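Working notes for the structure below.
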Amino acid sequence: MTSNVHILGGYQTDFGRNWTKEGKHIAAMIREATLAGLAAAQVDPKDVDSGHVGNFAAELYSMQGHLGAFLLEADPALSGLPTGRHEAACASGSIALLAASAEIEAGRYDCVLVVGVEQMKTVSPGVGGDYLGTAAWYELEAKGVEFPFPKLFGRLGDEYERRYGLKDEHLARISAVNYENAKRNPKAQTRTWYMSEDHACVASKYNAKIGGRIKVTDCSQVTDGAVALVLASDKFAAEHAKRLGVPSGSFPQIQGWGHHTAPLSFDDKVQESKDSKYVLPHTRQAILDAFKRAGIADCWKLDAIETHDCFTTSEYMAIDHFGLTKPGESFKAVEEGVIDFGGKLPINPSGGLIGAGHPVGATGVRQMLDLSLQVTGKAGGYQVEGAKRAAMLNIGGSGTTSVVFVVGV
Amino acid sequence: MSQAINKVVVLGANGAMGAGSGEVFAAAGIPTTFLARTIEKARQGEARAVGMAKAEALAKFIEVGSYSEHLEAEVAQADLIFEAVSEDLELKREYFERIDAVRKPDSIVATVSSGLSIAAMTKGLSESFAKHFLGIHFFNPPNVIVGCELIPHAGTDPAVTAFVDELLATRLGRVVVRTSDTPAFCGNRVGFKVLNEVAQLAEEHGVEFMDTLIGCHTGRAMPPLLTVDFVGWDVHKAIVDNLAEKTKDEAHAAFVLPAYMQKLITAGHLGRKTPDKGGFFRKDEETRLVLDPATGQYRPLAQLQPPEFALRMKALIRNGRYAAAMDVFAEAEGAEADLMRRVILGYIGYGLNRVGEVVKEARDVDRIMGFGFNWAPPSVLVDSIGAARTVKLLERAKIAVPPVVKQAADAKSRLFSERAVDSGRFFYA
């Protein structure tokens, strides 16, 4: 019999930190997150059976590979721990989560540590933009292109415009909602930044266009961050609940998952989806798979969503792909306030990648930590009232790798 | 109090603190009037605020005016009047009298003063003014540094203090520390004790050496003397002179401005704001120069190799081993290590001994040093060293052991209490 996957707890570093300015190596990020994550989950390091690190490009940003081994630096009791590192661009964190949960489902291990980490402020924005280009088909889509990703996600907006029509004011509203939400999140990178819908609406000196229709306010952030999460089997979770003196079944569980890969180049994606109602049908299918595994009919069985808003266009896409509206009608959910913090189905109460920040390899793990906080009423100032079930969508590349999880209690 | 803040007026809105504070109000969506001597100067302040917000849309919340033409009319409509003119009591009083004559009876008046007595400012003004008057001490630049001090004087209506505390914390996203109306309040008193002590020690040990010894590895983003250059020597002098005159505690000697600094200030050396003359450091074309306090002359900056124990601390901090770095701090041997400990333990002791006098609890000192100065809060250092070991080190250095440290040592508990804060962020390699 396969085990359920329980989330015992975790920790997110303050995404406003600049670890390069602090003079720190990526080892410090992994160590801080691991120690604080184990402490938050109240798990003894000696009880951890296996460890996974999600990271996109430490070889480029920090000239450092083999990140799994850095988990051992947190505590001598972790010596000998089986570890590995996972990469799928901005979905790296979710791939680490999938590997960890598969180990638990298979009965291989009972207590598994997952750390997502990215240190991005080691290089200038231009160089960082080039590194991020390796998440696309570098030679075809990114080589020699300044800031390739805003351009690719600008084209996602263009594709919506071509098929269904798209107004930039709706994208501006998505940006403003994410920034507004981030102000409630004490770990959000932009929590002290100024933002308004007026500002997001207009291209200007301080809100320049950087790739097609994408302006600065449409973009997620360059972020340093690490997030640790402890996952456990039924057996370990039951024992742990006993140790802590809490009722068994107290911990949130991964109720469903979906995982699809689309062709790497954006042209091929669009070509493949030309007859589909959905611009990114593989993303849609990952969502449907997760709903099916969680035993839920549609998005209205969710209390909140953490989605991948690397750009406002990707959140715009997520709205209809999750089924909040019919395909091509995401603007309705934006206009009606459905996605607002107090709306019918809030999206990114944390502030998302735009407001909370986007340390690439950590994002998927951060999303799952936020889901687990939301469904247990522990999200503090950004708690969605009464949330019991929530979902996340984490995307790598220009809609290439899509991972969806449903988490609930 | 049930009033709302729907209009703010900032006086001195062209200066760094005025424009920055105005930005904070406007960014919260509160209509804010920037006043200065001339409308052009007020416009310059507005442009500074827009630049800080990096958003032209901020201007929607800003109006501009001059003292001569607009002060009375604007103040009469304001819910909060925020004074940020020069640190000159007579000048401030001139404006307060004009404000007192026209303000709405329930409007709040605040000063951003970083050193003057809040109570003294209300002398001769109406009772209503005094009841609604307090200090809101932002740190520069206010749009980036969220730590701030809230200073009621004895006559401030407690409901006003509570209302402003809530406004700052909730609507303006500030980390608020309430302090008593004592000289330089909490942050500057504790911070400038360290800065001036290091400046004093530089006379004997040299500028580069002191900035290397009390460098980032001791829990700060910027070394102390470089910080003084950024603050400005004139501001530094005003703060420590005020403290030397008005405080009589264990740190009194540390507030005496070194004679070499006084001499150079007279000659116009004010740090970064006088780039041609410099401060502790100066840049001539491409050469970085450093001051020799003994001669008042500048010579090329030598790349100083930090002491071996400092290098070990940096290497440990770089990889996230903060407690191990503080083991080195506690156990390193020799005169240089003793000097480093004297300054840092002096900071811990002086800071936490202000509990009860300037602030209520250790957490207040920690919050203002962490979020106002961007220095490792004393409690973070105590926790990393270990409370019991800190007590021993303090005793050995003949520094009064703060009761809160003794209590933490006895209870074997941790002192730093900010759950949502990564304490690792305060360690710099």
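Chains H and E supply the protein sequences, listed in that same order. Its first residue numbered -16, the first sequence is counted upward by one per residue in the numbering used here. Its first residue numbered 14, the second sequence is counted upward by one per residue in the numbering used here. C-beta: ideal position from N, C-alpha, C; glycine also. Given the structure is predicted, the values throughout are model-derived calculations rather than measurements.
- Put simply, the CB of H:GLU56 is near chain E, with a gap under 8 Å to one of its CB atoms.
- Looking from the CA of H:SER(-14), the closest CA among H:LEU123, H:LYS218 and H:GLY116 belongs to H:LYS218.
- The beta-bridge partner set that DSSP reports for E:ARG233 consists of E:TRP388.
- In its chain, beyond the 5 residues on either side, LYS192 and LYS198 have a beta carbon closer than 7 Å to the beta carbon of H:ALA186.
- Put simply, the region 176 to 186 of chain E does not touch the region 357 to 368 of chain E. Fewer than three CB pairs are less than 8 Å apart.
- Here E:SER130 is actually not in contact with E:ASP92; their C-beta atoms are around 25 Å apart, not less than 8 Å.
- In the three-state DSSP reduction, E:PHE293 falls in the coil class, being neither helix nor strand.
- The region -3 to 7 of chain H and the region 245 to 253 of chain H do not touch, with fewer than 3 CB-CB distances between them shorter than 8 Å.
- By the C-beta criterion, the region 91 to 111 of chain E is judged to be in contact with the region 15 to 35 of chain E, since at least 3 inter-stretch pairs fall below 8 Å.
- Interface with chain H (8 Å Cβ-Cβ cutoff): E:LYS425 is excluded.
- Minimum Cα-Cα distance from H:PHE53 among the listed residues H:ALA85, H:LEU18 and H:ILE87 corresponds to H:LEU18.
- Proximity of chain E to H:SER62 at the Cβ level (cut-off 9 Å) is not reached, the minimal Cβ distance being about 16 Å.
- At a beta-carbon threshold of 8 Å, none of the residues of chain H lie near E:ASP396; the nearest stands roughly 14 Å away.
- Around H:THR105, no beta-carbon contact reaches into chain E at under 8 Å, the shortest distance being about 13 Å.
- The residues TRP246, LYS290, GLY291 and GLY292, in chain order, have a CB closer than 7 Å to that of E:HIS282 in the same chain once the five nearest residues on each side in sequence are set aside.
- Taking C-beta atoms under 8 Å as the contact rule, H:GLY48 and H:GLY76 fail to qualify, at a distance of about 17 Å.
- Its chain contains ALA197, ILE252 and ASN255 as the residues whose beta carbon lies nearer than 6 Å to that of E:GLY128, once the 5 sequence neighbours on both sides are disregarded; these appear in chain order.
- The way I'd put it, the region 111 to 126 of chain H doesn't touch the region 56 to 64 of chain H; fewer than three beta-carbon pairs between them come closer than 8 Å.
- Ranking E:LEU180, E:MET134 and E:GLY33 by CA distance to the CA of E:GLN16 puts E:LEU180 first.
- Of the candidates H:ARG372, H:ILE337, H:VAL386 and H:ILE(-10), the residue whose Cα lies closest to the Cα of H:ASN168 is H:ILE337.
- Of all alpha-carbon atoms in H:GLY382, H:THR266, H:CYS293 and H:VAL392, the one lying nearest the alpha-carbon of H:GLY369 is that of H:VAL392.
- Residue contact check for E:CYS229 against chain H: a CB pair falls below 8 Å.
- Comparing alpha carbon positions, the residue from H:LEU149, H:ILE13 and H:ILE378 closest to H:THR244 is H:ILE378.
- If you check each beta-carbon in the region 169 to 182 of chain H against every beta-carbon of chain E, the ones closer than 9 Å belong to PRO169, LYS170, ARG174, THR175, TRP176, TYR177, MET178, SER179, GLU180, ASP181 and HIS182.
- Taking 8 Å as the threshold, the shortest C-beta distance from E:ASN387 to chain H does not fall below it.
- Taking 7 Å as the cut-off between beta carbons, the residues of the region 52 to 77 of chain E near chain H are ALA66, LYS67, ALA68, GLU69, ALA70, LEU71 and LYS73, in sequence order.
- Rounded to whole angstroms, E:THR300 and E:PRO313 show a C-alpha spacing of 7 Å.
- At a cut-off of 8 Å between beta-carbon atoms, H:SER45 makes no contact with chain E.
- Short of 8 Å from the beta carbon of E:CYS199, and not among the five residues preceding or following it, lie these beta carbons of its own chain, in chain order: GLU162, VAL190, THR192, ARG367, VAL371, VAL372, ASP377, VAL378 and ILE381.
- One finds nothing in chain E with a Cβ atom closer than 9 Å to the Cβ of H:ASP32; even the nearest lies about 23 Å away.
- Every alpha helix (DSSP H) stretch that sits fully inside the region 175 to 218 of chain H and reaches 4 residues is listed by chain position as 180 to 184.
- By the Cβ-count criterion, E:HIS265 is exposed, with fewer than 16 other Cβ atoms from all chains shown falling within 10 Å of its own Cβ.
- By DSSP's assignment, E:CYS161 forms a beta bridge with E:PHE151 and E:VAL189.
- With contacts defined as CB atoms closer than 8 Å, E:MET326 and E:HIS218 fail to qualify as a contacting pair.
- For E:ALA132 and E:ALA97, the gap between their C-alpha atoms comes out near 17 Å.
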